[in-house]
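Everything on this sheet refers to the single structure shown next.
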Amino acid sequence: MPDAADARRAGRDYFATDPSTLAQRLLGARLCRRLPTAEVLRGAIVETEAYLGVDDLAAHSAGWRRTARTEPMYGPPGTIYVFQVYGMHHCLNFVCGAVDEPVAVLIRAVEPIDGIETMRRLRQSPGKRPLRDRDLCSGPGRLCGAFGIDRAFDGRDIASEEGLWLEPAAEGSWGGSEASRIGNSARVGVEYAGAWADKPLRWFVRDSIHVSRARPSGAVAKRPDA
DNA sequence: ACGAGGATTAACT
DNA sequence: GTTAATCCTCGTA
Numbered sequence: 000m001p002d003a004a005d006a007r008r009a010g011r012d013y014f015a016t017d018p019s020t021l022a023q024r025l026l027g028a029r030l031c032r033r034l035p036t037a038e039v040l041r042g043a044i045v046e047t048e049a050y051l052g053v054d055d056l057a058a059h060s061a062g063w064r065r066t067a068r069t070e071p072m073y074g075p076p077g078t079i080y081v082f083q084v085y086g087m088h089h090c091l092n093f094v095c096g097a098v099d100e101p102v103a104v105l106i107r108a109v110e111p112i113d114g115i116e117t118m119r120r121l122r123q124s125p126g127k128r129p130l131r132d133r134d135l136c137s138g139p140g141r142l143c144g145a146f147g148i149d150r151a152f153d154g155r156d157i158a159s160e161e162g163l164w165l166e167p168a169a170e171g172s173w174g175g176s177e178a179s180r181i182g183n184s185a186r187v188g189v190e191y192a193g194a195w196a197d198k199p200l201r202w203f204v205r206d207s208i209h210v211s212r213a214r215p216s217g218a219v220a221k222r223p224d225a
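If you're matching positions, the first sequence starts at 0 in numbering that gives the first Met the number 0 and goes up one per residue.
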């Protein structure tokens with residue numbers, strides 16, 4: 000299904016780097032989703048976390064753990080890794096590095112751009128007031144809900160998958176020259192990881208209201224730019 | 001086979 | 001700030 004999107008689509012080389020580099024590179028990139036209805040949803044990535052692999056006690060692949068769930072992490076760069084947490088939420092990751100090097104970047108928040116009303120519908124619970132834009136994709140579980148991403152994408156290739164692709168950040172966008180707008184902190188929800196819980200492996204766009212409001216463990220801050 | 005716990009979220013008090 | 005929701009995964013037996 001070659002079309003205009005393919006010209007801008009990030010290829011495997013985009014992901015063939017270490018997770019800290021990719022986590023920063025992804026800020027400002029467009030996450031794009033084509034629904035079964037053919038509608039295209041788009042959002043700008045504003046928050047990411049790097050998971051460094053076998054030594055990283057917060058990573059699913061810590062200690063070379065290799066199971067049915069973590070198998071996609073051992074795949075080539077650009078492999079999509081979607082897992083479920085707490086029985087009800089999905090988290091989207093892009094595997095990076097090299098084959099058999101189980102490292103990945105978690106997408107934690109997106110600024111919605113195209114298809115906002117569809118995202119609102121996908122996230123809406125019955126009998127509730129419509130969600131504000133800033134609540135649609137400001138969290139790893141939220142953005143998967145808004146984009147209709149579940150484990151059907153697990154193990155697929157982001158460089159060739161029809162329903163999901165990535166468009167690199169444009170010149171002058173976040174992640175590029177304007178490093179001063181990028182914040183960095185400990186990762187969220189990994190208190191169990193000992194010394195690795197405090198490592199500054201989370202990156203986010205400082206002035207975005209679409210960053211998750213979850214506080215990184217340890218680092219107490221009213222706003223995620225402390 | 002069993003059971004604890006999780007890269008979260010929303011709705012409470 | 002506290003807690004329920006909800007189910008799959010994985011260590012242990």
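Backbone N, C-alpha and C fix where the C-beta goes; we use that ideal spot for every residue, glycine too.
Cα-Cα separation between residue i and residue j, rounded to whole angstroms
i: residue 127; j: residue 163; result: 29 Å
i: residue 107; j: residue 181; result: 15 Å
i: residue 38; j: residue 28; result: 19 Å
i: residue 52; j: residue 156; result: 20 Å
i: residue 78; j: residue 148; result: 14 Å
i: residue 187; j: residue 36; result: 34 Å
i: residue 183; j: residue 67; result: 32 Å
i: residue 201; j: residue 49; result: 7 Å
i: residue 303; j: residue 73; result: Outside the shown range of the chain (0 to 225) lies residue 303, about which nothing can therefore be said.
i: residue 47; j: residue 21; result: 9 Å
i: residue 112; j: residue 139; result: 17 Å
i: residue 124; j: residue 32; result: 21 Å
i: residue 129; j: residue 203; result: 26 Å
Contacting residues, own chain, Cβ-Cβ under 6 Å from residue i (five flanking each side not counted)
i: residue 189; result: 57 and 196
i: residue 8; result: 164
i: residue 270; result: Absent from the model: residue 270. The displayed extent of the chain is 0 to 225, so no value can be given.
CB of residue i within 8 Å of CB of residue j, strictly
i: residue 91; j: residue 143; result: yes
From the options, residue whose alpha carbon lies closest to that of residue i
i: residue 62; options: 112, 183, 145 and 101; result: 101
i: residue 11; options: 71, 87 and 94; result: 94
i: residue 151; options: 72, 54, 45 and 81; result: 81
i: residue 87; options: 54, 204 and 141; result: 141
Sequence-distant residues of the same chain with beta carbon closer than 7 Å to residue i, five excluded per side
i: residue 65; result: 73
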